[in-house]
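A.B. asks: Residue numbers (UniProt numbering): 1 to 189.
Just so it is clear, CB atoms sit at the ideal spot from N, CA and C, and this is done for glycine as well.
After the structure tokens below, expect a handful of questions from me.
Shown next, in the form of structure tokens:
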């Protein structure tokens with residue numbers, strides 16, 4: 001065996017050992033990182049046993065939120081599941097509305113919110129809402145649609161009742177029956 005072949009064999013062994021060591025280091029890196037974080041107290045945010053708290057809830061006052069629903073030239077029944085809720089500013093609130101298409105064809109609608117008093121709109125933070133996108137209801141379909149919101153604790157103290165009102169408008173476009181044809185007497189807009 002020549003000296004050149006022996007050098008190549010030693011190089012191959014060294015490269016193989018290097019690859020195995022790198023793989024082992026990469027494999028051991030995750031538990032090693034977790035142990036370092038545990039010892040130093042870094043990354044405590046991901047501990048499942050610590051309950052998340054909202055320190056911005058103003059428990060010294062209550063705000064009543066009333067819910068209103070309207071439809072404008074739309075063949076839908078639309079109503080809130082609750083007429084009103086009492087909440088603390090900063091509290092996360094989940095409510096829902098129910099909507100039903102009363103026609104024999106699919107219809108698309110878009111909800112537009114409004115607030116009373118108008119000033120309250122600046123302090124009303126919707127985190128999830130059916131008003132963020134168009135809603136298409138099939139013929140006879142009924143749907144429950146959630147709204148998740150927080151009232152900013154900066155809401156002026158003189159405001160203790162807010163009305164959240166939604167009006168559903170039909171989205172311009174084709175209304176089709178289940179067979180894909182335009183229903184009798186319906187226009188294409």
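Just grab the DSSP bridge partners of residue 61 for me.
C.D. replies: Along the chain shown, one-based indexing puts residue 61 at 61. DSSP links residue 61 through a beta bridge to no other residue.
A.B. asks: Once DSSP output is grouped into helix, strand and coil, what is the label at residue 33?
C.D. replies: Looking up residue 33 in the chain shown gives position 33. In the three-state reduction of the DSSP assignment, residue 33 falls in the helix class.
A.B. asks: Are the CB atoms of residue 129 and residue 150 nearer to each other than 8 angstroms?
C.D. replies: What you label residue 129 is simply residue 129 of the chain shown in a count that begins at 1. What you label residue 150 is simply residue 150 of the chain shown in a count that begins at 1. Their beta carbons are not under 8 angstroms apart, which means residue 129 does not touch residue 150 by this criterion.
A.B. asks: What does the alpha-carbon distance come out to for the pair residue 124 and residue 93?
C.D. replies: Locating residue 124 in the chain shown gives position 124, counting from the first residue. Locating residue 93 in the chain shown gives position 93, counting from the first residue. Residue 93 has its alpha-carbon roughly 11 angstroms from the corresponding atom of residue 124.
A.B. asks: Looking at the structure shown, is residue 15 part of a helix, part of a strand, or coil, going by DSSP?
C.D. replies: Walking along the chain shown from the start, residue 15 turns up at place 15. Here residue 15 sits in helix by DSSP.
A.B. asks: Nearest CA to the CA of residue 100: which residue from 112, 77, 83 and 111?
C.D. replies: Counting from one through the chain shown, the residue named residue 100 turns up at place 100. Cα-wise, what sits closest to residue 100 is 77.
A.B. asks: Can you give the beta carbon distance from residue 65 to residue 85, rounded, assuming they're within the 8 angstroms contact cut?
C.D. replies: Residue 65 sits at position 65 when you count from the first residue of the chain shown. Residue 85 sits at position 85 when you count from the first residue of the chain shown. Rounded, the Cβ-Cβ distance is 5 angstroms, consistent with contact.
A.B. asks: Would the beta-carbon of residue 81 fall within 8 angstroms of that of residue 95?
C.D. replies: Residue mapping note: residue 81 aligns to position 81 of the chain shown, counting from 1. Residue mapping note: residue 95 aligns to position 95 of the chain shown, counting from 1. Yes, Cβ-Cβ distance for residue 81 and residue 95 is below 8 angstroms.
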